[in-house]
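S.K.: In the order they appear, the protein sequences are chains W and F.
Residue 0 is where the first sequence starts when you use numbering that gives the first Met the number 0, and the numbers rise one by one after that.
Residue 0 is where the second sequence starts when you use numbering that gives the first Met the number 0, and the numbers rise one by one after that.
Glycine included, each C-beta is placed from N, C-alpha and C at the ideal position.
Every value quoted in this text rests on a predicted model; they were computed, and no experiment measured them.
Number of protein chains: 2
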Amino acid sequence: MVKRILVALGGNAIKQADEKGSPEEQFRNCMITCKLLAEIVKSMEKNDGMIITHGNGPQIGNLMVQQEEARQIVPAQTMDIVGAMTQGQIGYMLQQALLNCLKDEGIETPVCVIVNQVQIDKNDPELLGKAASKPVGNFFTEEEAMAVKKEHPEYIFKKVKPVGEKAWRRTVPSPYPMANVEGAAIRKLVDAGFIVIASGGGGIPVIQDEHGRYKGVEAVVDKDLAGERLAEVCNANVFLILTDMEKVKLNFGKPNEQDVDKMTDTEAKKYLEEEHFILGSMEPKIKACIQFLESGGEKAIITSPDKTVEALEGKTGTLIYRN
Amino acid sequence: MVKRILVALGGNAIKQADEKGSPEEQFRNCMITCKLLAEIVKSMEKNDGMIITHGNGPQIGNLMVQQEEARQIVPAQTMDIVGAMTQGQIGYMLQQALLNCLKDEGIETPVCVIVNQVQIDKNDPELLGKAASKPVGNFFTEEEAMAVKKEHPEYIFKKVKPVGEKAWRRTVPSPYPMANVEGAAIRKLVDAGFIVIASGGGGIPVIQDEHGRYKGVEAVVDKDLAGERLAEVCNANVFLILTDMEKVKLNFGKPNEQDVDKMTDTEAKKYLEEEHFILGSMEPKIKACIQFLESGGEKAIITSPDKTVEALEGKTGTLIYRN
């Protein structure tokens, strides 16, 4: 039974892989997604709650390209700031689309967007040395990459494709989320009956210095791990992760590939150890689900957006539940 | 006596006119501004409230340039979306700076940012024909302007400088704000003790269609007029507008120019009619103050950021009060 649900939307909820990301395309996708979210709201009781988080990969990628292309004319902003921009952008589009879909259903629930920082450990291994594992922005030739690096010696570039000329990309750290900085405000709004969109793109990563002052970091926190932190703060009982697969798969991409209908957190941990899941893709989703259940959550569900309603009814998707 | 204050920050609170707007410059300016805001918070009682709004001219200008420069690679976003980006960007920077300044003062008041739509009338005269009065983005030569217009026939370009080659700019409508769409969420947070940053850049302008659905518009709402709407929703008793002048001036720029220490709303209206104030600059600020007082506000104050504390003590700035 859904009492309070956190929905984590994947990139395809806002921009399909084969699209460039025009305003029309993005608003159209948001409407498709928000129709489904409105269906969930419709099925809930008045005092239940919904919190929404979302990825920002394509949008931050496009903004990073724009920062770079116009560099000679206007100053490029750092990734924490660009991440904040995507929270405004995507938050606005989702908020408006959801308000409109709810209105179509005759539902008056208000929606709002919180610009949201996520605290990371300043000693997180991802921040040290060359560990940065998350590729962002343009593909470059080695020559181009080195030219940008000359201007920004702090950037890390890695060869991310084995072949092809434009095989280099900037990579940034992907540290672990410790706490949602604006958690109290979000909780207050959810308790008061607002649908809240927050922690977009995994939140804006910030560290605290020795005086307790926050400072932005050029990094990307995994949006499902950060969403799980938000689910905890809001005391959600259901954590729904929407991605591009109807069900989680074991032996992914192998001849003995196999759907998972349901599994316990203990089984999920075993599968993680056996490396069934792609790093940086399904793996953090499974980790987030386990963390959610261990912190008191009831049900974690992973499915594709078009199967949302059926998955909540237990008819499809992958259910992860406590032992 | 300040019980609940709405502070409207001008563009110079985030980017000085002689700066390009690098992340370092903008965070430095935010810290200077937020030290002053922390001073105000310090002087207030625990149950008082503060709401902050801000301009976004330089930031939306830079983002519009970036949209244009990278147009061949990634799709340019519409102005409503770009406005939402600036709310994320500036909201994040101000929020972080204010949290840090409050922490330095030992104050635990939480701060949050709401991505905020402002409703405008779909029949606003500024939206009709070629009325669009607000210049945005790059300066172009006539030839360049016409080239962009070929791609975007809906754009309006006007010659905004009497001389010089690059004298053309895109202009967009500057409609009147009717209502703050997320007002209820903001009010809830302010009542619960949060400092809320909202209505950035005058809010994201939206109209409602015949079915009540919201839709973004490429326009710029004046940030002080929109801020006044927010002050009403939050039941603020003081409206503080920070700009680049310590006091409002009569006969501005003329030999008989004269500071105003205080005036009633009736006097302010008379001066408006006598055209003492520059259109689109001091004029909407005075209008916003009159509207604030007429809707039940106690005091409107216009001054420069460095005079904030003295102005609140009645020692400088221009005070506008009810008859």
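To the nearest angstrom, how far is the alpha carbon of T307 of chain F from that of L241 of chain F?
M.R.: So the alpha carbons of these two residues sit roughly 8 Å apart.
S.K.: Between the alpha carbons of V232 of chain F and F156 of chain W, how many angstroms are there, rounded?
M.R.: Answer to the nearest angstrom: the Cα atoms are 49 Å apart.
S.K.: Starting from V308 of chain W and walking both ways along the alpha helix (DSSP H), at which residues does that stretch end?
M.R.: 307-311 is the span of the alpha helix (DSSP H), which, as asked, contains V308 of chain W.
S.K.: To the nearest angstrom, how far is the alpha carbon of Y154 of chain W from that of M0 of chain F?
M.R.: Y154 of chain W and M0 of chain F: Cα-Cα distance of roughly 51 Å.
S.K.: For a test of the three-state rule: what should DSSP assign to G202 of chain W, helix, strand or coil?
M.R.: Looking at G202 of chain W - three-state DSSP - the assignment turns out to be coil, as it is neither helix nor strand.
S.K.: Per the contact definition of three or more C-beta pairs closer than 8 Å, is the region 164-178 of chain F in contact with the region 138-147 of chain F?
M.R.: Touching, yes, given that three or more Cβ pairs across the two stretches are closer than 8 Å.
S.K.: Under the three-state reduction of DSSP, which class applies to P124 of chain F: helix, strand or coil?
M.R.: In the structure shown, P124 of chain F sits in a helix (DSSP, three-state: H, G or I).
S.K.: Which first and last residues belong to the alpha helix (DSSP H) in which C29 of chain F is found?
M.R.: 22-42 is the span of the alpha helix (DSSP H), which, as asked, contains C29 of chain F.
S.K.: Should T140 of chain F go down as buried or exposed, given a rule of 16 or more other Cβ atoms within 10 Å for buried?
M.R.: Flag for T140 of chain F reads exposed.
S.K.: How is the beta strand (DSSP E) around G87 of chain F delimited, first residue to last?
M.R.: Careful: G87 of chain F lies outside any beta strand (DSSP E), inside the alpha helix (DSSP H) at 78-103.
S.K.: Go ahead and pull the three-state DSSP assignment for N330 of chain W.
M.R.: No answer is possible for residue 330 of chain W: it lies beyond the span of chain W, which begins at 0 and ends at 322.
S.K.: With which residues is A299 of chain W paired in a DSSP beta bridge?
M.R.: DSSP lists W:F238, W:I319 as partners of A299 of chain W.
S.K.: Could you say which of W:G163, W:S303, W:D243 lies nearest to A16 of chain W if we only look at CA atoms?
M.R.: Checked all of W:G163, W:S303, W:D243; the closest Cα to A16 of chain W is W:D243.
S.K.: Among the residues of its own chain, which have a CB less than 6 Å from the CB of H275 of chain W, if the five just before and after it don't count?
M.R.: So the qualifying residues of the chain are L249.
S.K.: If you follow the beta strand (DSSP E) that R169 of chain F is in, where does it begin and where does it stop?
M.R.: That run of the beta strand (DSSP E) goes 167-171.
S.K.: Looking at the C-beta of P74 of chain W, does it have a partner C-beta in chain F at a distance below 8 Å?
M.R.: Yes, contact with chain F.
S.K.: Identify whether A69 of chain W lies in helix, strand or coil by the three-state DSSP scheme.
M.R.: If DSSP states are grouped into helix, strand and coil, A69 of chain W belongs with coil.
S.K.: Relative to the C-alpha of K298 of chain W, which residue among W:H210, W:R321, W:V40, W:R212 is closest?
M.R.: Checked all of W:H210, W:R321, W:V40, W:R212; the closest Cα to K298 of chain W is W:R321.
S.K.: Does C288 of chain W come out as helix, strand or coil in the three-state DSSP assignment?
M.R.: C288 of chain W falls in the helix class under three-state DSSP.
S.K.: Measure from the alpha carbon of I31 of chain F to the alpha carbon of each residue in F:T317, F:S303, F:E312, F:L311, then state which is nearest.
M.R.: Among F:T317, F:S303, F:E312, F:L311, the Cα nearest to that of I31 of chain F belongs to F:S303.
S.K.: Given a threshold of 16 other Cβ atoms within 10 Å of its Cβ, counted over all protein chains shown, does L127 of chain W qualify as buried or as exposed?
M.R.: Exposed: under 16 other Cβ atoms inside 10 Å.
S.K.: In chain W, which residues lie less than 7 Å from C111 of chain F when you measure between Cβ atoms?
M.R.: Near C111 of chain F (Cβ distances below 7 Å), the residues of chain W are I113, E181, A184.
S.K.: Please list, in chain order, all residues of the same chain as T85 of chain W whose beta carbon is under 6 Å from its beta carbon, the five residues on each side excluded.
M.R.: For T85 of chain W, where only same-chain residues beyond five positions count, the Cβ hits under 6 Å are N55, Q58, I59, G200.
S.K.: I155 of chain F by DSSP, collapsed to three states: which one?
M.R.: Note: I155 of chain F maps to strand in three-state DSSP.
S.K.: Beta carbon of K261 of chain W, beta carbon of L311 of chain W: below 8 Å?
M.R.: No. Outside cutoff.
S.K.: In chain F, which residues lie with their C-beta within 9 Å of the C-beta of M49 of chain W?
M.R.: Residues of chain F passing the Cβ test: none, with the nearest at roughly 14 Å.
S.K.: Taking all protein chains shown into account, do 16 or more other C-beta atoms lie within 10 angstroms of the C-beta of E104 of chain W, making it buried, or fewer, making it exposed?
M.R.: It is exposed - the Cβ of E104 of chain W has fewer than 16 other Cβ atoms within 10 Å.
S.K.: Output the distance between the C-alpha atoms of P134 of chain W and Q94 of chain F, rounded to the nearest integer angstrom.
M.R.: If you take the alpha carbons of P134 of chain W and Q94 of chain F, they lie about 28 Å apart.
S.K.: Three-state secondary structure (DSSP) at Y213 of chain W?
M.R.: Strand.
S.K.: At a CB-CB cut-off below 8 Å, which residues of chain F make contact with T85 of chain W?
M.R.: Result: M84, G87.
S.K.: With a threshold of 8 Å between beta carbons, is P22 of chain F in contact with chain W?
M.R.: Yes, contact with chain W.
S.K.: Compare the C-beta of V205 of chain F against all C-beta atoms of chain W and say whether one is closer than 8 Å.
M.R.: Yes, V205 of chain F lies at the interface with chain W (some Cβ there is under 8 Å from its Cβ).
S.K.: Give me the residue from W:L35, W:K187, W:A69, W:D208 with the minimum Cα distance to I119 of chain W.
M.R.: Closest by alpha carbon: W:D208.
S.K.: What did DSSP end up calling M0 of chain W once you bin it into helix, strand or coil?
M.R.: In the structure shown, M0 of chain W sits in coil (DSSP, three-state: anything other than H, G, I, E or B).
S.K.: Starting from I50 of chain F, follow its DSSP beta bridges and name the residues at the other end.
M.R.: I50 of chain F pairs with F:L5, F:V195.
S.K.: Is it the case that the Cβ atoms of V6 of chain F and I51 of chain F are separated by a distance below 8 Å?
M.R.: Cβ distance < 8 Å, so V6 of chain F and I51 of chain F count as in contact.
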